[in-house]
Structures are given as structure tokens and as C-alpha cells.
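Residue numbers (our numbering), protein chains in the order written: chain A, 1 to 272; chain B, 273 to 565.
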């Protein structure tokens, strides 16, 4: 009996603690269904009259949420696809080659995990090279996530035995077919991890997109919320509806694929 | 022997990635060093006028700008301490089997999934001085007298941001440490139990050293993240009131908007140097401990 009680108490403490996250989420959702006056009261009460879809309809209509969703989808899809290809290729050669050169290049890439992007010169260079809007955002998001992706793949390659490469080479397979035909299909687990983590990072990005996607036409959803806060500052019902619309995709993806995230954390924390 | 071994692997595979990384990350990093000594108002090479250390002097001496440095440090150290402390406690707590373990882990990580701007929006409402959820709660439990102006009191605002950041990322830190705890094979504990090692001995010689690399990662990731913060501050306070929550990130953003690009570049370079100066020794210090143990 003395054993059972702490477990029960731990359970209760955990549930109580989880309210710190659950209550805010409930609050946002419930207030997104209220009218302007009752949302401004910011209470946890259920709406007296459910404005079920009107806030959402208004958001989609006036708030440019659909455009935002489309832009987010374009930018996120392109960046994640680019990251998969670039990081898996780079990490393969750098992990397999054991030369001073490859070590040096890997170190240069790891530097990107630490130092922040120099945003003003980066903007300068994209401007000078006429790389603009979506393309600029995608390129910048790709290079700022490149180090993490390469690091993740490098850790995974250590677990793929070189014997696989060697037997393929004995069969006369060239370097490209070795990578694309034999190695790449083996990467599924780590690729799933990269997809989830970079999807969330890019979908939610604000620090880069605010510089490179700076007109309402190419705002991503994250930028639409920020923009909203300024223009509709007292329409909390609309703001919360926007937050729900913007967060829903990423929360759904998380709930569906969460077990891969912990796996990814483990992979990402493997000592280099 | 070596050259033949390397032959099947080709550097052409790294070319696309390295090229993009070099042009859009490494070159800007070096070019930032150049721009930080220049006075430029627009993005054109012919507009660059070298002015020596002026930008750095301005960043370091101007009250407004140096507030950013101070705030960045306060924010980074306070959030790292809290996130790593709370995250580790959560990881230890959720490393056991409760009936609700899966639910609790899912919920703890959830804030990390939400966009910082969305989180910022929520807390802007929750920290509203009169209607906000937090002060209402304080009033309800009889602490109404201390209910503060979370985001508009210049002495408090930066700590309110620290609180929001901690709410958002503690679960993420938990996931890193938890991954470490779960990577430890049960065999160690079994043989330690056979040897009659106490719980404390087991923690000291099994759990602690094996989880240290993960702990190290969590610490460094949070420290770097804290120094780099921009989105949260921009979404909630935009650096205000006054310069109370100005950080490196908002400083660069403001200089970008006002055309004082050289100062922005200088601030950005300073931030990089500070990040390197703090994280490298910290990482090395802990990494050395790992080897010793």
C-alpha cells in the first residue's frame, strides 16, 4: 500500500501540471467561437452563443489565411524537399570519406549549428543576385537548417555498415547508383525525422520569413498572425480563430507522427 | 590503400549543398564582418563607405543599443537555467511508467510544436493587466494585490518573456534529456543492484555520466537559442516598453527597417562572437567531464 500511494500522487501531480498546457489551448479554441465582446472579456467560459464558423469565415475572407496557407505550403514543401536531398548527399560523402578535407568541410557545416545567420549581408547577397521572395526564403531556410540535417544524416550513416557499399562496388555499381539506388532507400527512418522537425521549424518560422517574404501577397501563415495582431488588435475572437487555423496543421502532424520525434531527438543527440 | 577506398565516394554529391551553404551562409558571415565597418543605407556595393569602428562604438555605447546586449544575456541565462532545470525534472518524472505517461509526454512537448507567434498571441492576452487569465487567477486566489503589468512594466517585461519562453521550450528540453535516460540499458542497473549499489551510487556512476552528453546538448541548444531570440520578442513586445526587452534580434530588425544597416551588421557580428565565446568553452568543459567519468 505504501508503494501505491506515491504512484497515485505522481499521476495526480502530472495531470495537474498538464493543465498548464491544456488550459491555454482550450482557452484559444473556445474564444475563437465567441463574438467580439465576449472574447474581449477573455474568460474560460463556454460561449453563450456559438459563433461557430463566422469568425473563421471572416478570417479566411479578410485575413488572407488561405493565401497564407498556400504560401506556407509552397515554402515548407520546397525547403523540406531540398533539405532531404542536399543533406543526405552531403552527409554521405563526408561520413564515408575519411580525409582531412572531408573533416574540415564537416566542421565548417557544424559551425552553422552555432552561429546565427548574418541577416543583413544575407539579404544584401540575395538582393544582389536577384534571388527574391519565395526562392530567397526557401534558400535561406534551407541553408539555416542544412547543418542540422547534415548532422542528423551523418549520425545515421554511422549505423549503415560499409559492407553494403563494398558489396555493391564489387558488383560494379558506380558512385551515383550506389547512393541513389542503394543507400538512399535505406534512409527512411532518419528522413522521416528530418521531415517532421524541419516541417515544424519552417512552417512556424518567423525570423527569416519576416525579412524575405515582406508583402501580404507572399506572407506565410505565421506572418499573417503577426500582421493580424497589429490590424485587428481588439478583435480577439478573430485573432484566436486565426491562431487555430494556423496551428491546426502542425498540431495534427505532431499528434500523428510524435513517436518519430523522440526517435529523432535520440538520433540528433548521438555524440559526433 | 586509402585512395582506392575513397574512390566510390564522390565529392560531386556534396557540391550542391556546399555551394548553397557557402553562398548564402558562409559568405554572408564573412561579408557581415566587412559591412560592420561600413556605413550603408541600401543594398548596393557602391554605397559602402568604410567608417572604422563607428558602428561597434555606437552599438556598445548607445543606451538603447547596449540595453539589447544586457537583455539578451539576461534572457539567455535565465531561460537556459529554467528550461534545463524544469526539462530535466520533467524527464526524470516521466521516465517511469504511469498510466498517463504517454499523455503527459505528448502534452509537455506540445508547446514546442506551436508557432512562437501563436504562443506570443496567447500570452499577450493572458498577460493583459485587467482581463488577462493570469491576473484574474491571482485575484481569484486572493493575490490580487500583487497582480502586475506583465508586459508593460519595464522592469518586469523581460522576465515575462523569460516565462513564456520557458513555457514553450521546457518540454522540448525534456525530450532531449528523456532520450538520454532511455538510451541507458537496464542491464547496468541490474548488475548494480546485484552488487548492492545504493540509489545514489547508481545515479552518480550510471545515470549521470551516461546522460551527460544529452544534458550538454540541451544546455548548449538552449543557450544559443536564448542569445539568438527574435521571434518571441518581436511578436509580444517588439522590444518595448522603451528598450526594456530589446535584444540583438530586434536590434537587427530595427536597423534593417531604418536603413542603419551597418549597425545591424555590427550587432549581428557581436552576437556571433558572443555565442562562440560562451558556447565553445561551456561545451568543452562538459565534454571533458564526460571523458573523466
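Cβ coordinates follow ideal geometry from the N, Cα and C atoms, glycine included.
Pairwise C-alpha distance: residue j and residue i
{"i": "residue 457(B)", "j": "residue 116(A)", "result": "36 angstroms"}
{"i": "residue 375(B)", "j": "residue 188(A)", "result": "27 angstroms"}
{"i": "residue 497(B)", "j": "residue 39(A)", "result": "33 angstroms"}
{"i": "residue 100(A)", "j": "residue 107(A)", "result": "11 angstroms"}
{"i": "residue 287(B)", "j": "residue 67(A)", "result": "35 angstroms"}
{"i": "residue 24(A)", "j": "residue 394(B)", "result": "7 angstroms"}
{"i": "residue 390(B)", "j": "residue 247(A)", "result": "8 angstroms"}
{"i": "residue 319(B)", "j": "residue 89(A)", "result": "39 angstroms"}
{"i": "residue 538(B)", "j": "residue 302(B)", "result": "12 angstroms"}
{"i": "residue 218(A)", "j": "residue 250(A)", "result": "20 angstroms"}
{"i": "residue 9(A)", "j": "residue 143(A)", "result": "47 angstroms"}
{"i": "residue 134(A)", "j": "residue 296(B)", "result": "15 angstroms"}
{"i": "residue 194(A)", "j": "residue 149(A)", "result": "7 angstroms"}
{"i": "residue 227(A)", "j": "residue 65(A)", "result": "11 angstroms"}
{"i": "residue 501(B)", "j": "residue 468(B)", "result": "47 angstroms"}
{"i": "residue 11(A)", "j": "residue 368(B)", "result": "11 angstroms"}
{"i": "residue 35(A)", "j": "residue 244(A)", "result": "16 angstroms"}
{"i": "residue 436(B)", "j": "residue 183(A)", "result": "43 angstroms"}
{"i": "residue 122(A)", "j": "residue 347(B)", "result": "26 angstroms"}
{"i": "residue 335(B)", "j": "residue 408(B)", "result": "36 angstroms"}
{"i": "residue 382(B)", "j": "residue 198(A)", "result": "16 angstroms"}
Unbroken alpha helix (DSSP H) run spanning residue i, endpoints
{"i": "residue 441(B)", "result": "429 to 455"}
{"i": "residue 219(A)", "result": "No alpha helix (DSSP H) contains residue 219(A), which DSSP labels as neither H nor E."}
{"i": "residue 335(B)", "result": "335 to 365"}
{"i": "residue 504(B)", "result": "503 to 508"}
{"i": "residue 144(A)", "result": "133 to 157"}
{"i": "residue 493(B)", "result": "480 to 500"}
{"i": "residue 460(B)", "result": "458 to 467"}
{"i": "residue 411(B)", "result": "405 to 412"}
{"i": "residue 100(A)", "result": "100 to 114"}
{"i": "residue 59(A)", "result": "54 to 62"}
{"i": "residue 472(B)", "result": "471 to 474"}
{"i": "residue 397(B)", "result": "388 to 398"}
{"i": "residue 189(A)", "result": "188 to 203"}
{"i": "residue 527(B)", "result": "520 to 530"}
{"i": "residue 369(B)", "result": "No alpha helix (DSSP H) contains residue 369(B), which DSSP labels as neither H nor E."}
{"i": "residue 299(B)", "result": "299 to 307"}
{"i": "residue 165(A)", "result": "162 to 170"}
Nearest-angstrom Cβ-Cβ length linking residue i and residue j, presumed shorter than 8 angstroms
{"i": "residue 366(B)", "j": "residue 446(B)", "result": "7 angstroms"}
{"i": "residue 95(A)", "j": "residue 176(A)", "result": "Not a contact, Cβ separation roughly 17 angstroms."}
{"i": "residue 139(A)", "j": "residue 499(B)", "result": "At roughly 24 angstroms, the Cβ-Cβ gap does not stay under 8 angstroms, so residue 139(A) and residue 499(B) are not in contact."}
{"i": "residue 147(A)", "j": "residue 112(A)", "result": "3 angstroms"}
{"i": "residue 514(B)", "j": "residue 426(B)", "result": "6 angstroms"}
{"i": "residue 32(A)", "j": "residue 241(A)", "result": "4 angstroms"}
{"i": "residue 28(A)", "j": "residue 536(B)", "result": "Not quite, the Cβ-Cβ distance comes to about 34 angstroms (not below 8 angstroms), so this is no contact."}
{"i": "residue 153(A)", "j": "residue 190(A)", "result": "6 angstroms"}
{"i": "residue 151(A)", "j": "residue 110(A)", "result": "7 angstroms"}
{"i": "residue 419(B)", "j": "residue 411(B)", "result": "6 angstroms"}
Proximal residues to residue i (C-beta, below 6 angstroms), its chain only, five neighbours per side dropped
{"i": "residue 442(B)", "result": "355, 358 and 359"}
{"i": "residue 164(A)", "result": "none"}
{"i": "residue 528(B)", "result": "536"}
Sequence-distant residues of the same chain with beta carbon closer than 7 angstroms to residue i, five excluded per side
{"i": "residue 338(B)", "result": "332"}
{"i": "residue 461(B)", "result": "474 and 478"}
{"i": "residue 13(A)", "result": "none"}
{"i": "residue 429(B)", "result": "423, 509, 513, 516 and 517"}
{"i": "residue 310(B)", "result": "320, 321, 322, 323 and 534"}
{"i": "residue 172(A)", "result": "none"}
{"i": "residue 363(B)", "result": "446, 449, 450 and 453"}
Cutoff 8 angstroms; reference residue i; Cβ partners in own chain excluding five residues on either side
{"i": "residue 541(B)", "result": "304, 305 and 308"}
{"i": "residue 202(A)", "result": "75, 76, 79, 80, 141 and 145"}
{"i": "residue 179(A)", "result": "89 and 92"}
{"i": "residue 223(A)", "result": "68, 206, 209, 210 and 213"}
{"i": "residue 17(A)", "result": "none"}
{"i": "residue 558(B)", "result": "484, 487, 488 and 491"}
Interface residues of the segment 304 to 319 of chain B facing chain A [CB-CB below 7 angstroms]
304, 307 and 315
Taking Cβ-Cβ distances below 7 angstroms as the criterion, which residues of the segment 246 to 260 of chain A are in contact with chain B?
246, 247, 250, 251, 254 and 258
Residues from the segment 532 to 544 of chain B in contact with chain A, defined by Cβ distance under 8 angstroms
533, 536, 537, 540, 541, 543 and 544
Which residues, in chain order, does the segment 43 to 67 of chain A contribute to contact with chain B at a C-beta distance below 7 angstroms?
none
If you measure beta-carbon to beta-carbon, which residues of the segment 362 to 373 of chain B are closer than 9 angstroms to chain A?
362, 365, 366, 368, 370, 371, 372 and 373
Give me the subset of the segment 193 to 208 of chain A whose CB atoms are less than 7 angstroms from a CB atom of chain B, sorted by chain position.
200, 204, 206 and 207
Taking Cβ-Cβ distances below 9 angstroms as the criterion, which residues of the segment 117 to 134 of chain A are in contact with chain B?
117, 118, 119, 120, 121, 122, 123, 124, 125, 126, 127, 128, 129 and 131
Check each residue of the segment 161 to 185 of chain A: if its Cβ is closer than 7 angstroms to any Cβ of chain B, include it; give the result in chain order.
165, 169, 175, 178 and 179
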